[in-house]
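Chemist: Quick note, the sequences are listed as chains A and B, same order. One point on numbering: in numbering that gives the first Met the number 0, the residue at position 143 of the first sequence is 142, and numbering is uninterrupted. One point on numbering: in numbering that gives the first Met the number 0, the residue at position 254 of the second sequence is 253, and numbering is uninterrupted. The beta carbon of each residue, even a glycine, is placed where N, CA and C say it ideally should be.
There are 2 protein chains.
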Amino acid sequence: MILALAGGVGGAKLVDGLAQVLAPHELVVAVNTGDDFEHLGLQISPDLDTVMYTLAGVANPVAGWGVADETWGFMDALEKLGGPTWFRLGDRDLATHVERTRRRASGEPLAAVTKDLCARLGVRHPVAPMSDDPVRTLVRTGGSTLEFQQYFVREKCEPQVQGFEYEGAPRAQPSEALRAALESSSLEGVVICPSNPYLSIGPILAIPGVPGALKRCRRVIAVSPIVAGQALKGPTAKIMNELGVEASPVGVARYYGGVIQTLVIDRADSRFAPQIEPLGVQAVVSDTVMQAQADRARLAAECVALIRRAGAQPQRLRA
Amino acid sequence: MILALAGGVGGAKLVDGLAQVLAPHELVVAVNTGDDFEHLGLQISPDLDTVMYTLAGVANPVAGWGVADETWGFMDALEKLGGPTWFRLGDRDLATHVERTRRRASGEPLAAVTKDLCARLGVRHPVAPMSDDPVRTLVRTGGSTLEFQQYFVREKCEPQVQGFEYEGAPRAQPSEALRAALESSSLEGVVICPSNPYLSIGPILAIPGVPGALKRCRRVIAVSPIVAGQALKGPTAKIMNELGVEASPVGVARYYGGVIQTLVIDRADSRFAPQIEPLGVQAVVSDTVMQAQADRARLAAECVALIRRAGAQPQRLRA
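1. At a CB distance below 8 Å, what residues from the region 42-59 of chain B approach chain A? Give them in sequence order.
2. Start and end of the alpha helix (DSSP H) containing residue 98 (chain A)?
3. Can you tell me which of the three DSSP states residue 191 (chain A) falls into?
4. Which residues in the same chain have their Cβ closer than 6 Å to the Cβ of residue 91 (chain A), if we skip the five residues on either side of it in sequence?
5. What is the rounded straight-line gap between the Cα of residue 231 (chain A) and the Cα of residue 224 (chain A)?
6. Going along the chain, which residues of the region 97-125 of chain A sit with their C-beta nearer than 8 Å to a C-beta in chain B?
7. Determine whether the beta carbon atoms of residue 172 (chain A) and residue 199 (chain A) lie at a separation below 9 Å.
8. In the DSSP assignment, the beta strand (DSSP E) including residue 135 (chain A) goes from what residue to what residue?
9. Given that residue 91 (chain B) touches chain A, what residues does it touch there, using C-beta distances under 8 Å?
10. Assign residue 260 (chain B) to one of two classes, buried (16 or more other C-beta atoms within 10 Å of its C-beta) or exposed (fewer than that).
11. At a Cβ threshold of 9 Å, is residue 30 (chain B) touching chain A?
12. Rounded to the nearest angstrom, how far is the Cβ of residue 28 (chain B) from that of residue 50 (chain B), given a contact under 8 Å?
13. Can you give the Cα-Cα distance for residue 299 (chain A) and residue 193 (chain A), rounded to whole angstroms?
14. I'd like the list of long-range same chain contacts for residue 288 (chain A), defined as Cβ closer than 8 Å, with 5 residues on each side in sequence excluded.
15. Given a limit of 9 Å on CB to CB distance, which residues of the region 153-170 of chain B reach chain A?
16. Excluding sequence positions up to five away, which residues of its chain have a Cβ less than 8 Å from the Cβ of residue 97 (chain B)?
17. Look up residue 225 (chain B) in the DSSP assignment and say whether it is helix, strand or coil.
18. Looking at the strands, I want to know which residues DSSP matches up with residue 150 (chain A).
19. So what does DSSP say about residue 285 (chain B), is it helix, strand or coil?
20. Is it buried or exposed, residue 101 (chain B), if we count other Cβ atoms within 10 angstroms and call 16 or more buried?
21. Would you identify the three-state DSSP class for residue 238 (chain B), choosing helix, strand or coil?
22. Does the beta carbon of residue 95 (chain B) come closer than 9 Å to any beta carbon on chain A?
23. Going by Cα to Cα distance, which pick from A:196, A:205, A:213, A:284 is closest to residue 250 (chain A)?
24. Ordered along the chain, which non-local residues of its own chain (more than five positions away) have a Cβ less than 6 Å from that of residue 108 (chain B)?
25. Buried or exposed for residue 166 (chain B), please, with buried defined as at least 16 other CB atoms from any protein chain shown within 10 angstroms of its CB.
26. If you draw a straight line from the C-alpha of residue 120 (chain A) to the C-alpha of residue 85 (chain A), how long is it?
27. Could you tell me if residue 301 (chain B) is buried or exposed, where buried requires 16 or more neighbouring beta carbons within 10 angstroms of its beta carbon?
28. Could you give the distance in angstroms between the alpha-carbon of residue 122 (chain B) and the alpha-carbon of residue 212 (chain B)?
29. What number of angstroms, rounded off, separates the C-alpha of residue 31 (chain B) from the C-alpha of residue 152 (chain A)?
30. Shorter than 9 Å from the beta carbon of residue 65 (chain A) to some beta carbon of chain D?
31. From residue 138 (chain B) to residue 201 (chain B), what distance separates their C-alpha atoms?
32. Can you pull the chain A neighbours of residue 12 (chain B), defined as C-beta to C-beta under 7 Å?
33. With DSSP run on the structure shown, which of helix, strand or coil describes residue 314 (chain A)?
34. What is the DSSP secondary structure of residue 37 (chain A), reduced to helix, strand or coil?
35. Flag residue 69 (chain B) as yes if its beta-carbon sits less than 9 Å from any beta-carbon of chain A, otherwise no.
36. Please tell me whether residue 214 (chain B) has its Cβ less than 9 Å away from any Cβ of chain A.
Laid out in structure tokens, this is it:
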């Protein structure tokens with residue numbers, strides 16, 4: 000069984016690939032909830048939704064969030080009523096948030112709600128939040144500390160980042176699915192998907208017990224979200240530059256240092272391999288840009304093969 | 000200034016007529032909130048919305064609730080997620096409930112939210128809830144006591160009614176707009192719109208102080224919601240039959256006895272006039288079925304004229 004750690008769009012694509020090449024019992028997906036927030040009285044879990052919609056085949060392929068064939072009557076009417084419209088909620092997407100909020104208010108944990116919503120949408124592979132406990136990513140900027148969605152959506156990632164806090168993480172427990180996967184004797188390895196290290200994976204690594212379990216696993220591979228100095232989507236490269244970190248796979252390898260054994264980097268970045276290996280991280284060159292559905296499956300199959308090969312040759316990992 | 004008391008569809012039509020023939024400063028509309036309820040975590044005020052949408056010219060003319068040109072993406076997606084779908088919420092309509100809920104959660108009273116939502120939709124005449132305090136109409140049936148929307152929507156008014164309770168009414172204060180209108184020296188009279196007496200007007204009359212103020216006003220006219228033994232919309236006649244009350248303007252006159260001086264009845268019911276007058280209620284025959292926009296204005300103008308004539312000839316009312 001493979002455990003995947005994922006955040007938003009890039010992560011969801013690789014998760015989709017893993018779901019194509021692994022049976023439901025061979026995969027567990029643990030998703031960042033650090034950018035969850037309450038808006039309009041609704042409990043919104045953007046990364047869980049992106050993974051769920053992607054696996055269900057209903058994700059909006061253009062926006063990178065929400066569902067395809069969406070309508071906007073709610074948003075249009077809300078604007079006429081003077082309501083807040085900086086966070087866009089489509090009519091169909093809204094049902095997810097309303098139903099999640101309703102069930103959580105009735106006492107169901109986030110993991111249980113997630114499991115059921117995924118089942119309703121036909122998702123066969125297990126998807127779980129990283130935790131049932133609230134963790135909130137805060138962004139320290141020059142002027143002030145912003146809640147993640149304020150930084151990400153309302154301020155369009157414009158403020159210069161000085162650092163992050165994962166509020167609640169020190170007291171959070173891994174979700175039952177994540178804990179069971181990390182402790183399972185069937186765990187073959189872990190794939191850290193090409194999501195933003197600070198915003199998507201950082202919150203998961205901030206949960207007590209998770210980094211230690213990953214270190215013990217020793218078959219953890221990450222796919223670099225940085226290709227040719229840029230993130231394919233989102234502010235990863237901009238944030239790395241602002242933090243004074245090299246926006247390259249080397250910076251990614253340093254961030255994940257001690258936790259991963261292997262970093263899959265794009266062919267465009269093959270020149271960085273010699274700088275990565277001295278960090279104790281094996282660099283594997285591949286095509287990491289997932290444009291078509293088949294790209295997802297191919298990259299996922301490569302990740303699985305790397306883990307299984309490492310399982311057969313454990314000494315390779317201790318290089 | 001005229002005060003109108005209104006509930007759902009029939010009431011909203013006459014309110015619309017009054018708004019056509021009276022300037023904004025000449026009309027105050029107080030609306031039933033006994034059928035307000037919480038659903039999907041949202042605070043829903045069906046009668047306030049029907050009046051607001053009708054005055055804004057955006058009401059759905061077919062359904063009798065919600066807005067015209069509605070879309071149903073939310074409801075369709077909610078059904079796929081296994082959420083409760085017995086109460087239909089259109090995408091545009093949903094914005095009203097979400098925004099009302101959000102503002103009330105932030106501490107704004109219902110009257111303030113109502114005032115602002117109406118202003119946003121271009122409603123110029125003042126519309127207020129009967130009270131800022133929660134009043135919940137409960138329907139006693141053979142088997143059990145049902146919340147109003149369960150009776151009305153989910154059970155489709157099928158259970159046999161034994162009586163009503165207006166939970167919270169004994170502790171409710173009239174809203175500021177209703178109280179000010181009832182106490183105003185400018186109050187010329189009150190129009191009880193053709194709404195369900197038990198479900199729409201009964202809750203308003205259950206608020207302490209309201210019946211007494213209406214009695215002191217002495218220029219209160221009602222328009223019968225029963226025409227030719229039937230309600231034009233809704234379960235009024237069915238309920239009257241189940242309560243053993245004659246489903247005719249006579250039954251309506253008895254219900255409002257002591258509060259109204261005049262009952263406007265339809266031409267189809269003119270034969271009932273001799274049975275109404277002995278109850279101390281003047282019966283005025285008119286065409287009460289409001290099919291076109293012009294019907295609303297004509298009936299409203301007749302109601303206003305009756306009040307103003309009564310003001311000129313107060314002894315007529317004491318007949």
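Modeler: Answer, in terms of the structure:
1. none
2. Here residue 98 (chain A) corresponds to residue number 99 of the first sequence, with the count starting at 1. 90-104 is the extent of the alpha helix (DSSP H) around residue 98 (chain A).
3. Within the first sequence, numbered from 1, the residue matching residue 191 (chain A) stands at position 192. Residue state, collapsed to three classes: strand.
4. In the first sequence, the residue the question calls residue 91 (chain A) occupies position 92. Cβ within range, chain order: 66, 69.
5. For the purposes of this step, residue 231 (chain A) is taken as the residue at position 232 of the first sequence. For the purposes of this step, residue 224 (chain A) is taken as the residue at position 225 of the first sequence. Rounded to whole angstroms, residue 231 (chain A) to residue 224 (chain A) spans 7 Å at the Cα level.
6. 97, 98, 100, 101, 104, 115, 116, 119, 120
7. Residue numbering aside, residue 172 (chain A) sits at position 173 when the first sequence is read from its first letter. Residue numbering aside, residue 199 (chain A) sits at position 200 when the first sequence is read from its first letter. Contact: no.
8. What you label residue 135 (chain A) is simply residue 136 of the first sequence in a count that begins at 1. Start and end: 135-140.
9. The residue given as residue 91 (chain B) occupies position 92 in the second sequence. Those within 8 Å of residue 91 (chain B) in chain A are 72, 73, 75, 76.
10. Position 261 of the second sequence holds residue 260 (chain B). Buried, since its Cβ has 16 or more Cβ neighbours within 10 Å.
11. Taking the second sequence and counting its residues from 1, the one referred to as residue 30 (chain B) is at position 31. Judged by the 9 Å Cβ criterion, residue 30 (chain B) is not in contact with chain A.
12. As a working mapping, residue 28 (chain B) is identified with position 29 in the second sequence. As a working mapping, residue 50 (chain B) is identified with position 51 in the second sequence. Going by Cβ atoms, the distance from residue 28 (chain B) to residue 50 (chain B) rounds to 6 Å, so yes, they are a contact pair.
13. For the purposes of this step, residue 299 (chain A) is identified with residue 300 of the first sequence, where counting begins at 1. For the purposes of this step, residue 193 (chain A) is identified with residue 194 of the first sequence, where counting begins at 1. Straight-line Cα distance between these residues: approximately 11 Å.
14. Taking the first residue of the first sequence as position 1, residue 288 (chain A) is located at position 289. Correct list, in chain order: 226, 231, 265, 294.
15. none
16. Walking along the second sequence from the start, residue 97 (chain B) turns up at place 98. Cβ within range, chain order: 41.
17. Walking along the second sequence from the start, residue 225 (chain B) turns up at place 226. In this structure, residue 225 (chain B) counts as strand in the three-state DSSP scheme.
18. What you label residue 150 (chain A) is simply residue 151 of the first sequence in a count that begins at 1. Answer is none; residue 150 (chain A) lacks a bridge partner.
19. Counting from 1 along the second sequence, the entry for residue 285 (chain B) is found at position 286. Three-state result, residue 285 (chain B): strand.
20. As a first step, residue 101 (chain B) must be located in the second sequence, where it is residue number 102. Counting Cβ neighbours within 10 Å, residue 101 (chain B) comes out buried, since at least 16 surround it.
21. On the second sequence, residue 238 (chain B) is found 239 positions in, with the first residue counted as 1. In the structure shown, residue 238 (chain B) sits in a helix (DSSP, three-state: H, G or I).
22. For the purposes of this step, residue 95 (chain B) is taken as residue 96 along the second sequence, with counting starting at 1. With 9 Å as the cut-off, residue 95 (chain B) counts as an interface residue toward chain A.
23. Numbered from its first residue, the first sequence carries residue 250 (chain A) at position 251. Cα-wise, what sits closest to residue 250 (chain A) is A:196.
24. The sequence position of residue 108 (chain B) within the second sequence is 109, counting from 1. For residue 108 (chain B), where only same-chain residues beyond five positions count, the Cβ hits under 6 Å are 131.
25. For the purposes of this step, residue 166 (chain B) is taken as the residue at position 167 of the second sequence. By the neighbour-count rule (16 or more Cβ atoms within 10 Å), residue 166 (chain B) is buried.
26. On the first sequence, residue 120 (chain A) is found 121 positions in, with the first residue counted as 1. On the first sequence, residue 85 (chain A) is found 86 positions in, with the first residue counted as 1. So the alpha carbons of these two residues sit roughly 27 Å apart.
27. Working through the second sequence from its first residue, we reach residue 301 (chain B) at position 302. When all chains shown are included, residue 301 (chain B) counts as buried.
28. Working through the second sequence from its first residue, we reach residue 122 (chain B) at position 123. Working through the second sequence from its first residue, we reach residue 212 (chain B) at position 213. Going by the C-alpha atoms only, they are around 27 Å apart.
29. Within the second sequence, numbered from 1, the residue matching residue 31 (chain B) stands at position 32. Within the first sequence, numbered from 1, the residue matching residue 152 (chain A) stands at position 153. Using only the alpha carbons, I get a separation of about 40 Å.
30. Reference to chain D is not applicable here, since the protein chains of this structure are A and B.
31. Indexing the second sequence from 1 puts residue 138 (chain B) at position 139. Indexing the second sequence from 1 puts residue 201 (chain B) at position 202. In a straight line, the C-alpha of residue 138 (chain B) is about 12 Å away from that of residue 201 (chain B).
32. On the second sequence, position 13 is the one that residue 12 (chain B) refers to. Near residue 12 (chain B) there are no residues of chain A at all, since even the closest Cβ is about 23 Å away, more than 7 Å.
33. Walking along the first sequence from the start, residue 314 (chain A) turns up at place 315. Interpretation of residue 314 (chain A) is limited by its pLDDT of 43, a score under 50 that renders its predicted location unreliable; the figure taken from the coordinates is listed afterwards. Looking at residue 314 (chain A) - three-state DSSP - the assignment turns out to be helix.
34. As a working note, residue 37 (chain A) is residue 38 in the first sequence. In the structure shown, residue 37 (chain A) sits in a strand (DSSP, three-state: E or B).
35. To locate residue 69 (chain B), count along the second sequence from 1; it is residue 70. Chain A, which has a Cβ nearer than 9 Å to the Cβ of residue 69 (chain B), makes this yes.
36. The residue you call residue 214 (chain B) lines up with position 215 of the second sequence. No - not a single Cβ of chain A is within 9 Å of the one on residue 214 (chain B).
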